[in-house]
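Chemist:
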Amino acid sequence: MTATVEVGESAGWLTFEVAGLSDETAVEELVCPRLKVAMPWNRVLGVQAGVVRTDRFAIGCQTLNLQTDSRAQPAPLTRADRERKQRPVILQARAFRRFGIVGARAALLAAPTERMLDVIEQLELAENLPHPTLDGVWARRSPDARRSYLFIDMTEANADEVIRIAKELNFGYIMIYASRWAKTRGSYVINRDDFPHGLAGLKSVADKAHAAGLKVGIHCLSGFISKGDPLVHPKPHPGLGKDGRVTLAADIGPDDTFIPTVEPPTDFPDDVAFGPDRQGFDVQIGEEIITYRDVSTTSPFGLKGCRRGTRRTVAAAHRKGETVWHLTQRSTLTTWSIPTRRNWSTSWPAGTRRSSTSAGST
């Protein structure tokens, strides 16, 4: 197996682009570039920004397209690291087969610390990367980007009071909860309980805040779907995130409460969990969502204590051999996640699970 990587040179950075692979089907993940550096314990590590720095010098790794992931991450400490009071950090970029490895592109940047922002800005402009500005000022330098925001349940009824509080406490922004301005996450229909005039009411609230010198944002959990959202019922949207599958072992009717499976549902959750752990007790067969209470990982395999036709779907009969999908759930008991790039749920075998990432954005 060989890979061809083209290296480019500029004033403040080197670029690395995967130009070819001798066998694309044989590679799940490719790491390039990868650089291990050591830094004092008390210096700054920007994990998401992909930059490490001391008082004098900074170095970083930056992705240059959507199919590439780059970051700075701590490496395991050795005895020598502890003795030298240093922290090893790995700067690297990764590409994955499911997004395409050939064409992946990243840069290693280096500059005196006081010039690193200049180099990052030059890279963004040279590579035609997103370069957001606020009132004409690059967002990374804008003082507006560093102003505090008040995260609150602002409505048509309480807008004046919320604006008063925000001004009194010197906030620059007001952020309206997703559960307040929108009825559900996913479709994001305006919540008329709090904004009886709909979109016009939401706009009027923003206009009031703008007149008071404040900016307004709406909270959007872009990777989540509420379980009561129109994308769920009466027929689940095919893009709902799925992170596990087993095969139906026998025909079942619409009233059956045990779902027999060919494979043991070992990776289906059997208890409440939070954070990065697998979560949720909802599965999908065809166009029906079913909520189970327990799993049977010894013969007979299956899902126990099932409630049929949940989330306002319709209970139905299903045939032996159909797929039982576990619906990805993250962070709360009321939302599922949905893949943000494409639906990969048909690309991995029964009895396995894949990791899934959900993200909220503001």
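The opening position of the sequence shown corresponds to residue 7 in our numbering, with each subsequent residue numbered one higher.
Here a beta-carbon is modelled for each residue, glycine too, at the ideal position from N, C-alpha and C.
1. Out of 161, 290, 318, 147, state which residue places its alpha-carbon closest to the alpha-carbon of residue 335.
2. If you draw a straight line from the alpha carbon of residue 16 to that of residue 285, how long is it in whole angstroms?
3. Note down the Cα distance separating residue 252 from residue 198, rounded to an integer number of angstroms.
4. By how many angstroms is the C-alpha of residue 128 removed from the C-alpha of residue 370?
5. Rounded to a whole number of angstroms, what is the C-alpha to C-alpha distance between residue 88 and residue 184?
6. Pull up the distance between the alpha-carbon of residue 157 and that of residue 181, whole angstroms please.
7. Does the Cβ of residue 147 lie closer than 7 Å to at least one heavy atom of the ligand GTP?
8. Near residue 145, what residues of its chain come up, given a Cβ to Cβ distance below 7 Å and the 5 sequence neighbours on each side ignored?
9. According to the neighbour-count rule (16 or more other Cβ atoms, all chains shown, within 10 Å of its Cβ), is residue 314 buried or exposed?
10. To the nearest angstrom, how far is the alpha carbon of residue 23 from that of residue 86?
11. Going along the chain, which residues of its own chain have a beta-carbon closer than 7 Å to the beta-carbon of residue 239, five neighbours each way excluded?
12. Going by DSSP, what residues sit across from residue 67 in a beta bridge?
13. Assign residue 154 to buried or exposed, taking buried as 16 or more other Cβ atoms, counted over all protein chains shown, within 10 Å of its Cβ.
14. Per the contact definition of three or more C-beta pairs closer than 8 Å, is the segment 53 to 67 in contact with the segment 92 to 102?
15. I need the DSSP call for residue 87, collapsed to helix, strand or coil.
16. Residue 140 by DSSP, collapsed to three states: which one?
17. Under a Cβ-count criterion, where at least 16 other Cβ atoms within 10 Å of its own Cβ denotes burial, should residue 216 be classed as buried or exposed?
18. Leaving out five residues before and five after residue 176 in sequence, what residues of the same chain have Cβ atoms less than 8 Å from its Cβ?
19. Just list the residues that DSSP pairs residue 107 with in beta bridges.
20. Buried or exposed for residue 161, please, with buried defined as at least 16 other CB atoms from any protein chain shown within 10 angstroms of its CB.
21. Is the beta carbon of residue 326 less than 8 Å from the beta carbon of residue 254?
22. Would residue 287 and residue 250 be called neighbours here (beta carbons separated by less than 8 Å)?
23. Could you tell me the boundaries of the beta strand (DSSP E) in which residue 300 lies?
24. Would residue 101 be called buried (16 or more neighbouring beta carbons within 10 Å of its own) or exposed?
25. Out of 62, 212, 195, 272, state which residue places its alpha-carbon closest to the alpha-carbon of residue 304.
26. How many Å lie between residue 141 and residue 147 at the Cα?
27. Let me check one thing: in DSSP terms, what residues is residue 99 bridge-paired to?
Modeler: If we stick to the structure as given:
1. 290
2. 46 Å
3. 41 Å
4. For residue 370 there is no data in the structure shown, the boundaries of the chain being 7 and 368.
5. 45 Å
6. 5 Å
7. What this structure holds is no ligand at all, so the ligand GTP is not there to describe.
8. 138, 139, 151
9. buried
10. 34 Å
11. 317, 318, 319
12. 114
13. exposed
14. yes
15. helix
16. strand
17. exposed
18. 154
19. Answer is none; residue 107 lacks a bridge partner.
20. buried
21. yes
22. no
23. 300 to 302
24. buried
25. 272
26. 11 Å
27. 76
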